[in-house]
Amino acid sequence: MTLWAGRVETELAPEVWEFLKADDAELLPYDIEGTLLHAERLHAAGLLDDAELAEVRATLATLDTVDPAAEDVHSFIDASAEADRALVSFAAAILEHAAIEAATPMPGYTHLQRAQPITLGHHLLAWSEMLERDRARFAFAGAQAQQSPLGSGALAGSTLPLPAPPKPMRNTLDAVADRDFALDYLYAAAVLFTHLSRVGEELCLWTTAEFGFARLPESGATGSSMMPQKLNPDVAELARGKAGTAIGRLTGLLATVKGLPLAYDRDLQEDKVPVFAARRDVRGALAALTVLVDGLEVDRDRLAAAASDPLLLATDAAEALVREGVPFRDAHEQVAARVRAGTFEPPPAMPRLGDVGAAVVAAKERWGC
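Given below as structure tokens:
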């Protein structure tokens, strides 16, 4: 029997109930926790005696029947903390390689064309920088979810003398209608997957025979159902593919809440599925990519050969002319003319990246790994 059955004499049609019911079974343990907290607040207000509170506790204890093999259910705060732990593990795998490859030369690219020499360590640090910003976004989402709507009722509070919850929301209408915490989490997930897509694309490129910069670990790759020789970067590809899905979840919930009047509307039950799905994808993608990156085998000879292209020092040659007083526009033109004529001679390599090893150490300190 539903809580609102007193207002409706006839039973809902099965088709209507099937459409209305929320896909929120995953919230059961969290809902039980919230119900227990509310019962304790009623007890503190003198609205439940000791025996009644004990009965509520005992009854709630019998309701936690979620399959232990199913996904654990936590609040949005816990989901953000879970993302943080997964990000730290992935960053640690990246930074371990960055430390080893701090001085390993490789070509840097613009427009997917060789541009200037860098080191593999410097490139991997760029991945960790993106992930650091993702970590901050998940932390922000978790902080936003810490405000409590308890005591707001359906929209206008309660006449019962309930004690204030920790970190209460200031306005009851906003407390009921707010889904910013879900949007913040979905935004963090969408940007994360945008970054993972870029990382995945580079891993796909680097492990091709054409680039040959790295080899996939068998523990993080798949074979082909048709071609026996193949080892495929499915993890990297799927991380890349899930970026579109993550962006779609954020866009979908934004579209849902954009025109809703305050306070509660049934549309808001649509916040659950995208957040639950995003959480599973964040956890799964980061765990799988950690395995992939951790087992990646770098081909330093292939990287060094690619980085030895003398044309990668064309910008250095132009800057050498600038140091002699030639305006950069003229220097650029002079070097370009030599390249076109096939007479370009590279200058001695000049330092430009700073101490990559020290940068890796600093990054590890920031990540706590």
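Residue numbers (the working numbering): 876 to 1244. Even for Gly, the Cβ is constructed at its ideal location relative to N, Cα and C.
The segment 1038-1058 and the segment 1002-1021 touch, with three or more beta-carbon pairs separated by less than 8 Å.
Under the DSSP definition of a beta bridge, residue 1102 lacks any partner.
By the beta-carbon neighbour count (other beta carbons within 10 angstroms, threshold 16), residue 1099 is exposed.
Secondary-structure assignment with DSSP links residue 1107 through a beta bridge to 1097. Cβ-Cβ distances below 6 Å link residue 958 to 1013 and 1157 in the same chain, with the five nearest sequence neighbours on each side left out; the list follows chain order.
In this model, residue 934 and residue 910 are separated by some 11 Å (Cα to Cα).
A Cβ-Cβ distance of about 6 Å is found for the pair residue 1214 and residue 1189, placing them in contact under the 8 Å criterion. Residue state for residue 1044 is assigned as coil, using DSSP reduced to three classes. For residue 1139, no alpha helix (DSSP H) segment is defined, and its DSSP state is neither H nor E.
Excluding its 5 nearest sequence neighbours in each direction, residue 1142 has C-beta neighbours in its own chain below 8 Å: 1131, 1132 and 1135, listed in chain order.
The way I'd put it, the segment 1036-1048 doesn't touch the segment 990-1001; fewer than three beta-carbon pairs between them come closer than 8 Å. The alpha-carbon separation between residue 1103 and residue 966 amounts to approximately 33 Å.
The beta carbon of residue 1117 lies closer than 7 Å to those of 1068, 1156 and 1160 in the same chain, with the five residues before and after it left out. Under the criterion of beta carbons closer than 8 Å, residue 1206 and residue 1197 qualify as touching, at roughly 5 Å.
Assignment of residue 994 by DSSP, reduced to helix, strand and coil, places it in the strand class. Across the structure, residue 1217 and residue 983 are spaced so that their CA atoms are roughly 22 Å apart.
By the C-beta criterion, the segment 1064-1082 is judged to be in contact with the segment 1121-1131, since at least 3 inter-stretch pairs fall below 8 Å.
The beta carbon of residue 1023 sits closer than 7 Å to the beta carbons of 1040, 1041, 1042, 1043 and 1044 from its chain, once the five residues preceding and following it are set aside; these are given in chain order.
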